[in-house]
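Everything on this sheet refers to the single structure shown next.
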Amino acid sequence: MELPDAVTKYLEESLKRKGCTVLAREWDVRGGPHLGKGDLVVLLPCNTHLVVEVKYLDFDATGRNQCVKRRKHRRYVEEQAPRYGAKWAEHYALHNQLVLSAFFTNETGLSGFALDVQRPLQKQETDEAESNMGVGWIGAGVVGLAAIAGAIAVSAARQQRQCEDNGNRNAEQQRERDEKECIVS
Numbered sequence: 001m002e003l004p005d006a007v008t009k010y011l012e013e014s015l016k017r018k019g020c021t022v023l024a025r026e027w028d029v030r031g032g033p034h035l036g037k038g039d040l041v042v043l044l045p046c047n048t049h050l051v052v053e054v055k056y057l058d059f060d061a062t063g064r065n066q067c068v069k070r071r072k073h074r075r076y077v078e079e080q081a082p083r084y085g086a087k088w089a090e091h092y093a094l095h096n097q098l099v100l101s102a103f104f105t106n107e108t109g110l111s112g113f114a115l116d117v118q119r120p121l122q123k124q125e126t127d128e129a130e131s132n133m134g135v136g137w138i139g140a141g142v143v144g145l146a147a148i149a150g151a152i153a154v155s156a157a158r159q160q161r162q163c164e165d166n167g168n169r170n171a172e173q174q175r176e177r178d179e180k181e182c183i184v185s
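Under full-length UniProt numbering, the first residue of the sequence shown carries the number 1, and numbering increases by one thereafter.
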């Protein structure tokens with residue numbers, strides 16, 4: 001999902017204040033063009049990469065086809081986040097860096113957070129990470145940062161869609177005015 005520049009700048013500034021760095025936006029997933037583009041990768045203060053995937057689900061549309069489409073998008077983003085996390089770990093992360101993946105949608109309760117399946121944590125690494133970051137930071141901080149990124153991306157998509165809808169309405173109103181002028185003339 002392409003983010004507007006203003007939203008991207010705000011996101012980078014808010015993450016920077018928390019000690020994080022945005023490494024990539026709309027990055028090409030290596031392994032073939034059929035894999036698409038990843039949405040966002042953030043470097044956390046603990047030298048951990050967080051791969052975030054975002055999907056916007058259209059709840060305004062009704063009917064069976066739209067319901068199936070939303071279900072498909074839900075399942076796809078759940079599969080996409082760990083797969084993109086694995087690709088990021090394989091091609092970009094150093095061997096001693098942990099890669100986490102998260103996904104978010106505009107649907108309440110549909111978000112997730114997972115460790116990279118390619119590189120499972122070992123007990124020693126877990127203990128070291130907990131001592132470096134604090135146990136609460138792992139659970140709340142990382143997911144919180146991903147939630148911020150996800151929420152901003154979803155709200156940006158919603159705003160973009162509203163702008164498109166407003167543009168369509170304005171175009172329809174202009175067309176109606178033009179038709180009335182033609183009839184009067």
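Here a beta-carbon is modelled for each residue, glycine too, at the ideal position from N, C-alpha and C.
Could you say which of F59, W88, G36 and D28 lies nearest to residue 197 if we only look at CA atoms? An answer regarding residue 197 cannot be provided, because it is not within the stretch 1 to 185 covered by the chain.
What residues match up with D28 in a beta bridge as DSSP calls it? Numbered from 1 along the sequence shown, position 28 holds the residue referred to as residue 28. D28 pairs with K37.
Check whether the Cβ atoms of V77 and W88 sit closer than 7 Å, and answer yes or no. What you label residue 77 is simply residue 77 of the sequence shown in a count that begins at 1. What you label residue 88 is simply residue 88 of the sequence shown in a count that begins at 1. Cβ atoms of V77 and W88: not closer than 7 Å.
Can you tell me whether D39 is buried or exposed, with buried defined as 16 or more other CB within 10 angstroms of its CB? Taking the first residue of the sequence shown as position 1, residue 39 is located at position 39. With 16 or more Cβ atoms within 10 Å of its Cβ, D39 is classed as buried.
At least 3 beta-carbon pairs within less than 8 Å: the region 41-53 vs the region 12-24: They touch, by the three-pair rule.
Any idea what DSSP makes of A9, helix, strand or coil? Walking along the sequence shown from the start, residue 9 turns up at place 9. Per the sequence shown, the amino acid found at residue 9 is Lys instead of Ala. Helix at K9.
Evaluate A49 with the Cβ neighbour count: other Cβ atoms within 10 Å of its Cβ, from every protein chain shown; 16 or more gives buried, anything less gives exposed. Indexing the sequence shown from 1 puts residue 49 at position 49. A quick correction: the sequence has His, not Ala, at residue 49. Classification for H49: buried.
Inspect the beta-carbon positions of E26 and K37 and report whether they are closer than 7 Å. Residue numbering aside, residue 26 sits at position 26 when the sequence shown is read from its first letter. Residue numbering aside, residue 37 sits at position 37 when the sequence shown is read from its first letter. For E26 and K37, yes; Cβs fall inside 7 Å.
DSSP on K69, reduced to helix/strand/coil? Counted from its first residue, the sequence shown places residue 69 at position 69. Correct three-state label for K69: helix.
Put A102 into one of helix, strand or coil per three-state DSSP. For the purposes of this step, residue 102 is taken as residue 102 along the sequence shown, with counting starting at 1. Strand, per DSSP.
From G32 to R177, what does the alpha carbon distance come to, in whole angstroms? The residue given as residue 32 occupies position 32 in the sequence shown. The residue given as residue 177 occupies position 177 in the sequence shown. The alpha-carbon atoms of G32 and R177 are separated by roughly 49 Å.
Reference Y56; option with closest CA among R64, K69 and V29: Walking along the sequence shown from the start, residue 56 turns up at place 56. Here the closest residue by C-alpha is K69.
Give the DSSP bridge partners of residue 186, in chain order. In the structure displayed, the chain extends from 1 to 185; residue 186 sits before or after that span and is not available.
Tell me the DSSP bridge mates of K55? Looking up residue 55 in the sequence shown gives position 55. DSSP output for K55 lists T105 as bridge partner(s).
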